[in-house]
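Quick mapping for you: the protein sequence lines, in order, are chains A and B.
Here this note's numbering is used: the first residue of the first sequence is 2, the next is one more, and so on.
Here this note's numbering is used: the first residue of the second sequence is 273, the next is one more, and so on.
Where a beta carbon is used, it is the ideal one built from N, C-alpha and C, also for glycine.
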Amino acid sequence: MSLGDLLVNGEPIRFMDMHGHLGPFNGIYLPEASLDRMIAGMDRMGMECLVLSPHSALAGDTREGNREMADAVQRFPGRIYGYCTINPHFPADMAPEMDRYLGQPGVVGIKIHPAMHACPATDDRYTPVWERAQAQRLLVLSHTWGNDGGCGASDMRKIAERYPDVRLLLGHSCYGAWREAIALAAEFPNVYLELTAAYHVYGLIEWMCRDAGSHKVILGSDYPWFDPMVPVGCVAFAHITRDEMQDILFDNARRLIDEQLKST
Amino acid sequence: MALPREIETADDLIAEMDHSGIDEALVWHRDCLERDFNAGNQRLDEIDAYPRLHRTMTFVPTCCDEMPSAEDFVKEARAHGVRAFRAFPTTHQFSLDPVSCGDLLDLFSACGTPLLIPLGEIPGGWDAIYRLLRYFPRLPLIVTETGCWGQDRYFRPLMKTYPRFFISMNRLETAGQIKSIVDRVGFKHLVFGSGLPRNYPGGYLLSLSRAGISEEARAAIARGNLERLLKEAAW
Numbered sequence: 002m003s004l005g006d007l008l009v010n011g012e013p014i015r016f017m018d019m020h021g022h023l024g025p026f027n028g029i030y031l032p033e034a035s036l037d038r039m040i041a042g043m044d045r046m047g048m049e050c051l052v053l054s055p056h057s058a059l060a061g062d063t064r065e066g067n068r069e070m071a072d073a074v075q076r077f078p079g080r081i082y083g084y085c086t087i088n089p090h091f092p093a094d095m096a097p098e099m100d101r102y103l104g105q106p107g108v109v110g111i112k113i114h115p116a117m118h119a120c121p122a123t124d125d126r127y128t129p130v131w132e133r134a135q136a137q138r139l140l141v142l143s144h145t146w147g148n149d150g151g152c153g154a155s156d157m158r159k160i161a162e163r164y165p166d167v168r169l170l171l172g173h174s175c176y177g178a179w180r181e182a183i184a185l186a187a188e189f190p191n192v193y194l195e196l197t198a199a200y201h202v203y204g205l206i207e208w209m210c211r212d213a214g215s216h217k218v219i220l221g222s223d224y225p226w227f228d229p230m231v232p233v234g235c236v237a238f239a240h241i242t243r244d245e246m247q248d249i250l251f252d253n254a255r256r257l258i259d260e261q262l263k264s265t
Numbered sequence: 273m274a275l276p277r278e279i280e281t282a283d284d285l286i287a288e289m290d291h292s293g294i295d296e297a298l299v300w301h302r303d304c305l306e307r308d309f310n311a312g313n314q315r316l317d318e319i320d321a322y323p324r325l326h327r328t329m330t331f332v333p334t335c336c337d338e339m340p341s342a343e344d345f346v347k348e349a350r351a352h353g354v355r356a357f358r359a360f361p362t363t364h365q366f367s368l369d370p371v372s373c374g375d376l377l378d379l380f381s382a383c384g385t386p387l388l389i390p391l392g393e394i395p396g397g398w399d400a401i402y403r404l405l406r407y408f409p410r411l412p413l414i415v416t417e418t419g420c421w422g423q424d425r426y427f428r429p430l431m432k433t434y435p436r437f438f439i440s441m442n443r444l445e446t447a448g449q450i451k452s453i454v455d456r457v458g459f460k461h462l463v464f465g466s467g468l469p470r471n472y473p474g475g476y477l478l479s480l481s482r483a484g485i486s487e488e489a490r491a492a493i494a495r496g497n498l499e500r501l502l503k504e505a506a507w
């Protein structure tokens, strides 16, 4: 019986999710947006841990959002890990926020959203982020989409070339620019393909595993936006080996998080 | 549009359905959307030998000489074993307004034959669906590909108002959404759809199986709701 069949028939799942958020978001009804509902959902689903950046950090007051992140990490150690979110439009806050949170237990990296913040990832305003991440070999989850536009594969290629020690998670795997994103992950040892939103595209997971390797593919769901059972199901029913599924569902995330925890 | 993995033949489709545990499917040919609706409809002859695959036929308005009369179109569809209809108004550049499609939509409503339309193919989006159902309240309408961003504020009022209004599960991905709909609106307005070969079916299968809803609700969404709708078609 395939892993997918086993899971549909109630076999317990163990997985980790490296692209999460927290709290309500304008325009969308999110039934599981509160932290308590999310933890209950994680328990129900078998999600061992989630790495998150609150919506309030991305779309509101970044300092308040980062405090919300730190509170969540503190309340649920080992279940919730956090990204320190950086908004490039508030340069005076950048260094203090990174100083405050990077190195705290359970804070495993930095989150940037060049599209939401309308600032290309290659813009000078992000330089302090990339330099800090390069110096400390930090994990950075960047929203990425397409090939151009400030957070596309061509932009991420420039970042990967300039800052080779940054552990760069391509959030959404440069949605749509699959060939370019997969090439980046294949070429650069520290570039990873993160599956949020991309997971549904039939055949993509097989392509990623074949050309970049399953060790470069990371499970993510945007939880509480998307039901993590959707990406888990996509992986479990993909035409890949059980070992490759294990890499994507659990081992890769565990390794990346553990490396960050050891270095802080 | 090239896809990472193609479903080229009916055998390929059956193999993927077997892999995912899907018994039967309503099928259309992508030529209907991307090339020519008539050519795509004709290519459905390729599934004649596959009893698990059911034809759905694409239409455009009858105003030009590319379509027969509404009555003849429905007769032809019935003769070919068609189980449901599809429309792509945005791509095919027409309106679903009764002035344009009233002859066909009146017949579909009277016959109870389902009409499937992707949300993105409806000019005017949800407001247009509200208007459409005011005109054709008995039209069995299945809106597909409503998008991964929760559209509940749009579609739940329609579920509460129109017994024959349905949402397909493909791209219905908001966390907790299925349970919330089932708890607050009921399970009768959701039908399983995968969007294969655009989407992996397995994601929606697992999401449904782990939705935290009753077995009755799960079975109805997985099969029963659509089965009942197709059986109700009186033609």
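Chain A contact for residue i (CB, 8 Å cutoff)
i        : result
B/Arg425 : yes
B/Ala447 : yes
B/Tyr476 : yes
B/Arg470 : yes
B/Ser486 : no
B/Ser479 : yes
B/Ser452 : yes
Chain-ordered neighbours of residue i on chain B, where CB pairs are closer than 8 Å
i        : result
A/Cys152 : Those do not exist, as A/Cys152 stays about 19 Å from chain B at its closest Cβ, beyond 8 Å.
A/His173 : Those within 8 Å of A/His173 in chain B number zero; the least Cβ separation is about 11 Å.
A/Met46  : Arg482
A/Trp179 : Pro276
A/Pro232 : Gly475
Proximal residues of chain A, C-beta to C-beta of residue i below 7 Å
i        : result
B/Trp421 : Ile29
B/Arg277 : Tyr203, Gly204 and Glu207
B/His364 : Ordered by position in chain A, no residue passes the 7 Å Cβ test against B/His364, which lies about 24 Å from the chain.
Proximal residues of chain A, C-beta to C-beta of residue i below 8 Å
i        : result
B/Arg473 : The sequence shown places Pro at residue 473 of chain B, not Arg. What B/Pro473 touches in chain A: Phe238.
Cross-chain neighbours of residue i in chain B, by beta carbon under 7 Å
i        : result
A/Trp226 : Thr446 and Ala447
A/Asp6   : Gly293
A/Cys235 : Tyr472, Gly474 and Gly475
Exposure of residue i, with buried meaning 16 or more beta-carbon neighbours within 10 Å
i        : result
A/Arg76  : exposed
A/Asp18  : buried
A/Gly5   : buried
B/Lys529 : One cannot answer for residue 529 of chain B here, as it falls past the ends of chain B, which runs 273 to 507.
A/Pro13  : exposed
B/Ala321 : exposed
A/Ser54  : buried
A/Arg255 : exposed
B/Trp300 : buried
A/Ala73  : buried
B/Ser479 : buried
B/Pro395 : exposed
B/Gln365 : exposed
B/Glu288 : buried
B/Arg443 : buried
Min CB distance residue i to chain B below 8 Å
i        : result
A/Trp131 : no
A/Tyr200 : yes
A/Gly42  : yes
A/Val9   : yes
Within chain B, the residues that residue i reaches when beta carbons sit closer than 9 Å
i       : result
A/Trp32 : For clarity, residue 32 of chain A is Pro in the given sequence; the question names Trp instead. Going along chain B in sequence order, the residues near A/Pro32 (Cβ under 9 Å) are Gly422, Asp424, Thr446, Ala447, Gly448, Gln449, Lys451 and Ser452.
Exercise for the section: State whether the region 450-460 of chain B contacts the region 421-441 of chain B, with contact taken as three or more CB pairs (one from each stretch) at a distance under 8 Å. Expected result: yes
Practice task
Kindly provide the ranges of any alpha helix (DSSP H) runs that are 4 or more residues long and lie completely inside the region 46-90 of chain A, ordered along the chain.
Solution key: 56-60 and 63-76
Exercise for the section: Could you tell me whether the region 223-239 of chain A touches the region 33-42 of chain A, using the rule of 3 or more Cβ pairs below 8 Å? Expected result: yes
Exercise for the section: Decide if the region 365-380 of chain B is in contact with the region 328-345 of chain B; the criterion is three or more beta carbon pairs, one per stretch, under 8 Å apart. Expected result: yes
Exercise for the section: Counting only runs of 3+ residues fully inside the region 337-408 of chain B, write out the beta strand (DSSP E) ranges in chain order. Expected result: 356-358 and 387-390
Handout entry: At least 3 beta-carbon pairs within less than 8 Å: the region 157-167 of chain A vs the region 251-265 of chain A
Key = no
Problem - the region 198-207 of chain A touching the region 226-246 of chain A, judged by at least three CB pairs closer than 8 Å - result: yes
Handout entry: Stretch pair the region 309-319 of chain B + the region 488-502 of chain B: three plus CB contacts closer than 8 Å
Key = no
Handout entry: Touching by the beta-carbon criterion (3+ pairs, under 8 Å), the region 404-419 of chain B and the region 189-199 of chain A
Key = no
Exercise for the section: Would you check if the region 82-89 of chain A and the region 144-157 of chain A touch, i.e. whether three or more CB-CB distances between them fall below 8 Å? Expected result: no
Problem - Complete alpha helix (DSSP H) runs within the region 163-189 of chain A (minimum length 4 residues, chain order) - result: 179-188
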